[in-house]
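Below is one structure, written out as structure tokens; the observations come after it.
Numbering (the numbering used here), first residue to last: 3 to 69.
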């Protein structure tokens, strides 16, 4: 899927959605368009990539042993 973005110098572009996280992380993009409208990086809420999220709650997964 292609996503419309705006760079900091106000240039528009279309990028693959798989590249969007990298562009946001590298602060290369100022805005991107969702179905609900334009999202401004640093102003509007966005989710963080799963690889960067850290769970701080209690571990609930099985350790593999059945004692």
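Quick reminder that beta carbons are idealized off the backbone N, C-alpha and C, glycines included.
All of these numbers come straight from a predicted model, not from anything done at the bench.
* Exposure label - residue 31; buried when at least 16 CB within 10 Å -> Buried, by the Cβ-count rule.
* **Presumed contact (8 Å Cβ cut-off) between residue 43 and residue 33, rounded CB distance** => Yes, residue 43 and residue 33 are in contact; Cβ-Cβ is about 7 Å, under 8 Å.
* With DSSP collapsed to three states, give me the class of residue 26. => Residue 26: helix per DSSP, three-state reduction.
* Can you give the beta carbon distance from residue 5 to residue 19, rounded, assuming they're within the 8 Å contact cut? -> Residue 5 to residue 19, Cβ: 5 Å. Contact.
* **For residue 10, the nearest candidate out of 16, 29 and 3 (CA to CA)** => The shortest C-alpha separation from residue 10 is found at 29.
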